[in-house]
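The sequence shown begins at 50 in this note's numbering and counts up by one.
Every residue gets a Cβ at the ideal spot worked out from N, C-alpha and C, and that includes glycine.
Computed from a predicted model, the values in this text were never measured in an experiment.
Scroll down for the structure; my scribbles are underneath it.
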Amino acid sequence: MQTLLKIFIITFFTISVSNAQNNRTYITNFNDNFITVIDLNTAEKITDIRTGKNPHGVDVSPDGKFICVSNEGDNTLSVIDGETNKVIKQIPVGNHPHQIAFTKDGKYIFVTINAEHKVYIINTNDWTFEKSIVVGRNPHIALPSPDGSKMYITSEGDNKIVVIDLVKMEVTSEITMFGLPRVPVINNDGNTIYSTLRWFNGVLKIDTEKNKVVDWIQLPQTKSFPQEGKASHGPGLHPNGKYLYLTSQILNSVSVIDIETQRIVKEIVVGIDPNWIDFTKDGKTAIVSNTADNTVSIIDCEKNEVIKIIPVGKNPKRLVVEK
């Protein structure tokens, strides 16, 4: 009986610790040299981690052991130990690295090299350079498919998304975007991508089987002109698959869109120049980076209301919640 009780206590403690760690979020502060770590269970800042100059992209390995950050200002990739929150490796990459993404199996991390028109692929077994792939001008975002078979790369300079086969490790197709693609997200089935477009206050809907734009969702027109093309930026698909959350940099809000009806069900006022959004695995909480006021907004997704605003570093951009 005592043995069973001990096993129960240990199991319960392990699950509790794991769940607590899974709700950590990592935010890059572009005009500082550190990222901020926040515990979404308590909505409190844990620490800042010094990385490199102009941290831009961030992702967490599937097993949660590593956090990687691309540093655009010094052309490096920082590898952070998820337990100690310490940088354990600084890897030179190409000129102006932007967003990054682990493959679903965790074997590789893709780094978009904006000024060299290619992606670098780093082998996570020993953190060495594996190969590079030419993907078109000014690649910005890397997005893995849910089944782990593909990586989607936005090419801002060529107005397209390229599709990389992760078995062949080569570009196999392209998706014409009719404008400069900003940030794509993909649904759980992998058959639909929603992507923002520079100057457009809304998203394009892409059929990934046809590799074709098939529809769009427009936010209400505003008198505010999207300076530097800033309109809608970071879409996020709620884990339940029913709602698309879309940040608008000209409305300073997040629109909650019913995917089936494509209607806005709630408008959530956040900070100034909202950039990126992500969710906890259970879908109860979302976090938004507000680039122009150096904060993040914590959203209760059941009420669709901001419950807390947390100061971070200068010009927060990308963020990711550990799943």
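- Among Ser302, Thr241, Asn120, which one has its Cα closest to the Cα of threonine 271? Ser302
- Task: Could you check if glycine 285 is buried or exposed, using at least 16 other CB atoms within 10 Å of its CB as the buried criterion?
- Result: buried
- Message: Taking DSSP's pairing of strands, which residues face valine 345 in a bridge?
- Response: Ser338, Ile359
- Message: Can you tell me where the beta strand (DSSP E) holding glutamate 121 begins and where it ends?
- Response: Note, glutamate 121: premise wrong, no beta strand (DSSP E); not H, not E.
- Cα-Cα separation between glycine 197 and proline 111, rounded to whole angstroms: Whole-angstrom Cα-Cα distance: 11 Å.
- Task: Evaluate proline 233 with the Cβ neighbour count: other Cβ atoms within 10 Å of its Cβ, from every protein chain shown; 16 or more gives buried, anything less gives exposed.
- Result: buried
- Message: Rounded to whole angstroms, what is the Cα-Cα separation between aspartate 207 and histidine 147?
- Response: 16 Å
- Message: Does glutamate 219 come out as helix, strand or coil in the three-state DSSP assignment?
- Response: strand
- Whose C-beta lies closer than 6 Å to the C-beta of asparagine 97 among residues of the same chain, with five residues either side of it excluded? The residue asked about is misnamed: residue 97 is aspartate in this sequence, not asparagine. So the list reads Phe83, Thr85, once near-sequence residues are dropped.
- Message: Check whether the stretch 263 to 270 and the stretch 291 to 308 touch, using three or more Cβ-Cβ pairs below 8 Å as the test.
- Response: yes
- Task: Provide the residue span of the beta strand (DSSP E) that contains serine 297, from first to last.
- Result: 292 to 297
- Query: Under the DSSP definition of a beta bridge, which residues are partnered with asparagine 172?
  - Reply: Tyr157, Thr177
- What's the gap between the Cα of histidine 282 and the Cα of phenylalanine 178? Their Cα atoms are separated by approximately 31 Å.
- Message: I'd like the span of the beta strand (DSSP E) that includes asparagine 78, first residue to last.
- Response: 73 to 78
- For asparagine 324 versus alanine 280, is the C-beta distance shorter than 9 Å? no
- Same chain only: Cβ atoms within 6 Å of glutamate 223, ignoring 5 sequence neighbours per side: Lys209, Val211
- Out of Ile140, Thr344, Leu293, Val118, which has the shortest C-alpha to C-alpha gap to asparagine 134? Val118
- Task: Tell me, please, which residues DSSP counts as bridged to serine 204.
- Result: Pro188, Lys209
- Query: Shortest alpha-carbon distance to glycine 332 belongs to which of Glu132, Pro188, Asp349?
  - Reply: Asp349
- Query: Going straight from the alpha carbon of aspartate 214 to that of lysine 199, what length do you get?
  - Reply: 5 Å
- What is the DSSP secondary structure of proline 365, reduced to helix, strand or coil? Proline 365 carries a strand assignment under DSSP once its states are collapsed to helix, strand and coil.
- Compute the Euclidean distance between the alpha carbons of alanine 92 and alanine 191, then round it to the nearest angstrom. 28 Å
- Bridge partners - tryptophan 248, DSSP secondary structure assignment: Its beta-bridge partners do not exist; DSSP assigns none.
- Query: So, helix, strand or coil for glycine 106, using DSSP?
  - Reply: strand
- Query: Alpha carbon to alpha carbon, what distance is there between methionine 226 and threonine 245?
  - Reply: 10 Å
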